[in-house]
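Participant: Below are the structure tokens for one structure; questions will follow.
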Amino acid sequence: MEKTVLTRMKQGDRDAFRSVITEFRQPVWSFVLKTVSCQDDARDILQETFIRVWQKRAEYDPERSFIDWVLAIAHNLCMDFLRRKGRVIEVQADDDALKSWLGSDDDTVRELSNREWVQIVRALAGRLGPLQRTVFTLSCLEGDDSDEIVLITGLDATQVKSNLYAAKQTIRKKLEELGYE
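Start counting the sequence shown at 120; every next residue gets the next number (my numbering).
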């Protein structure tokens, strides 16, 4: 996205803001949906994210990645939502990303159809706490690196690594309990 559009948006240009929404709607939608898993809730959070972007546009630092700033707003809204709801949800995921993270060998993949395997991991990821779920989603499903996750979540690098490690260990342990190695 051109810096001029972001500058115009920051100054209150609604046409520039519409361009920002058009440009960044899909990646924010993907992140929010994978975090909260319910399309209706995700739509609400997506809308609230862009409302907050507009309200806080003067706070945006052009030295920072714009998408990371927007995803940080979305992350905070998702965390608030998950805390309020206090519910277990499934994580929507790309099949290839999950298989890559799991490092499944051909025997394991043959034991389950791809669809069953992904559904099991989604369900297990949905049982993680909000921070572990978010870090797992950003790292294993979105492919973000630790630096991006730090910017989005506000956690420090050690907290990101710790939450990701705990999330992976929890999922692996549950898979073993279910009889999958």
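Each residue gets a CB set at the ideal place from its N, CA and C atoms; glycine is no exception. Since this is a predicted model, take the numbers as computed values, not measurements.
Thinking Pro249 and Leu190 are a contact (beta carbons under 8 Å), I'd like their distance in whole angstroms, please.
Facilitator: The residue labelled residue 249 in the question sits at position 130 within the sequence shown. The residue labelled residue 190 in the question sits at position 71 within the sequence shown. Between Leu190 and Pro249 the Cβ distance is about 15 Å, and since that is not below 8 Å, they are no contact.
Participant: Indicate whether the contact test is met: 3 or more Cβ pairs, each with one atom in the region 280–291 and one in the region 253–263, closer than 8 Å.
Facilitator: Touching, yes, given that three or more Cβ pairs across the two stretches are closer than 8 Å.
Participant: For Ile170 and Glu296, what's the separation of their Cα atoms in angstroms?
Facilitator: For this step, residue 170 is matched to residue 51 along the sequence shown. For this step, residue 296 is matched to residue 177 along the sequence shown. Straight-line Cα distance between these residues: approximately 44 Å.
Participant: What first and last residue would you give for the alpha helix (DSSP H) that runs through Gln166?
Facilitator: The sequence position of residue 166 within the sequence shown is 47, counting from 1. Run containing Gln166: Gln158 to Gln174, per the alpha helix (DSSP H) assignment.
Participant: Determine the direct distance from the alpha carbon of Gly273 to that of Val149, and round the result to whole angstroms.
Facilitator: The residue labelled residue 149 in the question sits at position 30 within the sequence shown. The residue labelled residue 273 in the question sits at position 154 within the sequence shown. With the sequence shown as reference, residue 149 is identified as Ser, and Val is not the correct amino acid for it. Each residue's alpha carbon lies about 20 Å from the other.
Participant: Please report the residue range of the alpha helix (DSSP H) in which Gln145 lies.
Facilitator: Numbered from 1 along the sequence shown, position 26 holds the residue referred to as residue 145. From DSSP, the alpha helix (DSSP H) with Gln145 extends over Arg133 to Val155.
Participant: Taking the beta carbon of Glu178 as the centre, do at least 16 other beta carbons fall within 10 Å, making it buried, or is it exposed?
Facilitator: What you label residue 178 is simply residue 59 of the sequence shown in a count that begins at 1. Glu178 should be labelled exposed.
Participant: Out of Gln288, Arg203 and Asp264, which one is the CA nearest neighbour of Asp160?
Facilitator: As a first step, residue 160 is located in the sequence shown; it is residue number 41 there, counting from the start. It is Arg203.
Participant: In terms of residue numbering, what span does the alpha helix (DSSP H) encompassing Leu283 cover?
Facilitator: Numbered from its first residue, the sequence shown carries residue 283 at position 164. Element bounds for Leu283: Ala276 to Glu296.
Participant: Look at the alpha carbon of Gln211 and the alpha carbon of Ile239, and state the distance between them as a whole number of angstroms.
Facilitator: Along the sequence shown, read from residue 1 onward, the residue named residue 211 stands at position 92. Along the sequence shown, read from residue 1 onward, the residue named residue 239 stands at position 120. Unreliable placement is indicated for Gln211, whose pLDDT of 44 sits below 50; the coordinate value is still reported in the next sentence. Between Gln211 and Ile239, the C-alpha separation is close to 11 Å.
Participant: Using DSSP with H/G/I as helix, E/B as strand and the rest coil, what is Pro249?
Facilitator: By one-based count along the sequence shown, residue 249 stands at place 130. Residue state, collapsed to three classes: helix.
Participant: Thinking just about the alpha-carbon of each residue, which of Phe185, Gly245 and Lys292 is nearest to the one in Met128?
Facilitator: For the purposes of this step, residue 128 is taken as the residue at position 9 of the sequence shown. Met128 has its Cα closest to that of Phe185, out of Phe185, Gly245 and Lys292.
Participant: List the endpoints of the continuous alpha helix (DSSP H) containing Ser184.
Facilitator: Taking the first residue of the sequence shown as position 1, residue 184 is located at position 65. Taken as a continuous stretch (DSSP letters only), Ser184 belongs to no alpha helix (DSSP H), as it is neither H nor E.
Participant: What number of angstroms, rounded off, separates the C-alpha of Lys122 from the C-alpha of Ile290?
Facilitator: Counting from 1 along the sequence shown, the entry for residue 122 is found at position 3. Counting from 1 along the sequence shown, the entry for residue 290 is found at position 171. Straight-line Cα distance between these residues: approximately 41 Å.
Participant: Since I believe Val147 is in contact with Leu125 (beta carbons under 8 Å), could you give me their beta-carbon distance rounded to a whole number of angstroms?
Facilitator: In the sequence shown, counting from the first residue as 1, residue 125 sits at position 6. In the sequence shown, counting from the first residue as 1, residue 147 sits at position 28. At roughly 15 Å, the Cβ-Cβ gap does not stay under 8 Å, so Leu125 and Val147 are not in contact.
Participant: Assign Asp224 to buried or exposed, taking buried as 16 or more other Cβ atoms, counted over all protein chains shown, within 10 Å of its Cβ.
Facilitator: In the sequence shown, counting from the first residue as 1, residue 224 sits at position 105. Residue confidence is low: Asp224 scores 48 on pLDDT, short of 50, so the model does not pin down where it sits. No coordinate-derived value is stated.
Participant: What is the DSSP secondary structure of Lys122, counted as helix, strand or coil?
Facilitator: Your numbering for residue 122 matches position 3 in the sequence shown. Three-state result, Lys122: helix.
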